[in-house]
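Residue numbers (my numbering): 173 to 558.
A virtual CB, placed ideally from N, CA and C, is assigned to each residue, including glycine.
Reading through the structure tokens given below for one structure.
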Ligand code: FES
Ligand SMILES: [Fe+2]
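In structure tokens, the structure reads:
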């Protein structure tokens, strides 16, 4: 049966010349946020964190992903597992804050214990004071709920609904486009990660990142180095959109040192850089000497946390002499991303104007944003039709 339509998305799905953007309720309405949670964030491969945050066996980090308690764990084989962070007994949150688990994850309520693989391995007194077993309790059926996950470019992706294609199919086009960057990457260490809390809907962060139209106005300094006319659109319908620049120049320290390049890159990357919104909630940037990801944590309709992590071609130990340059690079990107805060928050406030109809796109300059809207609207309508 066709579900109730919270919003009409016909005009969003129109060709860009006639299209509007998403209706206001997609930014300000709780019920629409819930609908998007399922149809966009849970039904697809969304990012929840980075593997560098759980580097060693036993490292466990809880995250709340649009209300859902999840636990990222590094298991004995060195793999990343993601579980629902909920005990199978009475539903207690298992791990409250980042920790190093020694051997087993013990529930803080009645001490049911789970292996790093999620398997239930101990149930103290479940059969009475002197018995740790009971015939009604079958450990093999009571492991932690595993959430389908995949790590790419250090980003931990999850498909909560378990209904998306394999990640390597889902991401095939972006993996193919950037296959030259499919090599070891090294997080720059403390100082190469930071988070920004922004009073906006998560989609506005995507929409803004996708386009270079705002460059001269919002980023006047960046526009001196890499002008709007040096940019091109990137659009892969139903997968990703963004922009690239043909005039990337490496940062240098006072001695003229630069960061080491990733190996075996083609000539495109000598002066090229690309910035892609990988749907739904990851913003990526690649350059010859560093890459970064921004994981958008959607908190509610009008609050998003942007988690930024910057990576290099060499391990920090081999780049000790470049520590100051790494700090300068982090400061540079932070300043750029902070410049965007005013507009993504302003667009959010603008969406309380009841006569705003989703807006009018420039068929030329706004096409990466329209490509994102089209994908969002398709996901929602497909889900409504199920
Ligand atoms: S709720 Fe976890 S052991 Fe009881
Ligand atoms: Fe920007």
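beta-carbon residue 512 near ligand 2 non-hydrogen atom, thresh 6 Å: Yes; taking the cut-off as 6 Å, the Cβ of residue 512 has a heavy atom of ligand 2 nearer than that.
Alpha-carbon to alpha-carbon, residue 517 and residue 418: Whole-angstrom Cα-Cα distance: 29 Å.
Alpha carbon of residue 484 to alpha carbon of residue 492, nearest angstrom: The alpha-carbon atoms of residue 484 and residue 492 are separated by roughly 12 Å.
Coil, strand or helix - residue 243 by DSSP: In the structure shown, residue 243 falls within a strand segment according to DSSP collapsed to helix, strand and coil.
The beta strand (DSSP E) enclosing residue 256, as first and last residue numbers: Residue 256 -> beta strand (DSSP E) spans 252 to 256.
Candidates 353, 235 and 254, of which the one nearest residue 269 by Cα: Distances from the CA of residue 269 to each of 353, 235 and 254 were compared; the closest alpha carbon is that of 235.
Cβ-based burial, residue 325 [other Cβ within 10 Å; buried from 16]: Within a 10 Å sphere around the beta-carbon of residue 325 sit 16 or more other beta-carbons, which makes this residue buried.
Option nearest residue 526 by Cα separation, candidates 200, 188, 386 and 454: For the residues 200, 188, 386 and 454, the minimum Cα distance to residue 526 belongs to 200.
Pick from 314, 265 and 309 that is closest to residue 287, judged by C-alpha positions: Nearest Cα to residue 287 within the set 314, 265 and 309: 314.
heavy atom of ligand 3 below 6 Å from residue 264 C-beta: This structure lacks ligand 3; the ligands present are ligand 1 and ligand 2.
Residue 536 versus residue 437 - alpha carbon distance: Going by the C-alpha atoms only, they are around 30 Å apart.
Between the CA atoms of residue 191 and residue 231 - distance to the nearest angstrom: Rounded to whole angstroms, the separation of the alpha carbons of residue 191 and residue 231 is 47 Å.
Reference residue 256, options 248, 273, 272 and 237, closest by Cα: Sorting 248, 273, 272 and 237 by C-alpha distance to the C-alpha of residue 256 places 237 at the top.
Whole-angstrom distance between residue 415 and residue 458, CA atom to CA atom: Their Cα atoms are separated by approximately 11 Å.
Extent of the continuous beta strand (DSSP E) to which residue 465 belongs: Counting along the chain, the beta strand (DSSP E) containing residue 465 begins and ends at 462 to 472.
Residue burial classification, residue 558 (beta-carbon count within 10 angstroms, cutoff 16): Exposed, because fewer than 16 other Cβ atoms sit within 10 Å of the Cβ of residue 558.
Nearest-angstrom Cβ-Cβ length linking residue 189 and residue 198, presumed shorter than 8 Å: In fact, because the Cβ distance is near 21 Å, the residues do not count as touching under 8 Å.
Spatial distance of residue 173 from residue 228 (CA atoms): With a pLDDT of 45 at residue 173, under the threshold of 50, the modelled position of that residue is not reliable, and the figure given next carries that caveat. Rounded to the nearest angstrom, the two C-alpha atoms are 48 Å apart.
Coil, strand or helix - residue 185 by DSSP: DSSP places residue 185 in coil when its eight states are reduced to three.
Stretch-stretch touch, CB-based, cutoff 8 Å, three pairs: the region 361 to 373 with the region 333 to 350: Two segments are said to touch when three or more pairs of C-beta atoms, one from each, lie closer than 8 Å; by this definition the region 361 to 373 does not touch the region 333 to 350.
Nearest-angstrom Cα separation, counted from residue 490 out to residue 322: Rounded to the nearest whole angstrom, the CA to CA distance from residue 322 to residue 490 is 28 Å.
Residue range of the alpha helix (DSSP H) that includes residue 365: Not the alpha helix (DSSP H): residue 365 falls in the beta strand (DSSP E), residues 365 to 370.
Sufficient close CB pairs (3 or more, under 8 Å) joining the region 376 to 389 to the region 397 to 416: By the Cβ criterion, the region 376 to 389 is in contact with the region 397 to 416, since at least three pairs of Cβ atoms, one from each stretch, lie closer than 8 Å.
Separation of residue 301 from residue 341, as counted between CA atoms: Each residue's alpha carbon lies about 51 Å from the other.
Own chain partners of residue 180 with C-beta closer than 8 Å, once the 5 adjacent residues on each side are dropped: Excluding residues within five positions, the ones whose Cβ falls inside 8 Å are 195.
Straight-line Cα distance separating residue 182 from residue 556: In this model, residue 556 and residue 182 are separated by some 13 Å (Cα to Cα).
Contacts around residue 501, its chain only, beta-carbon distance under 6 Å, and the 5 residues preceding and following it disregarded: 423, listed in sequence order.
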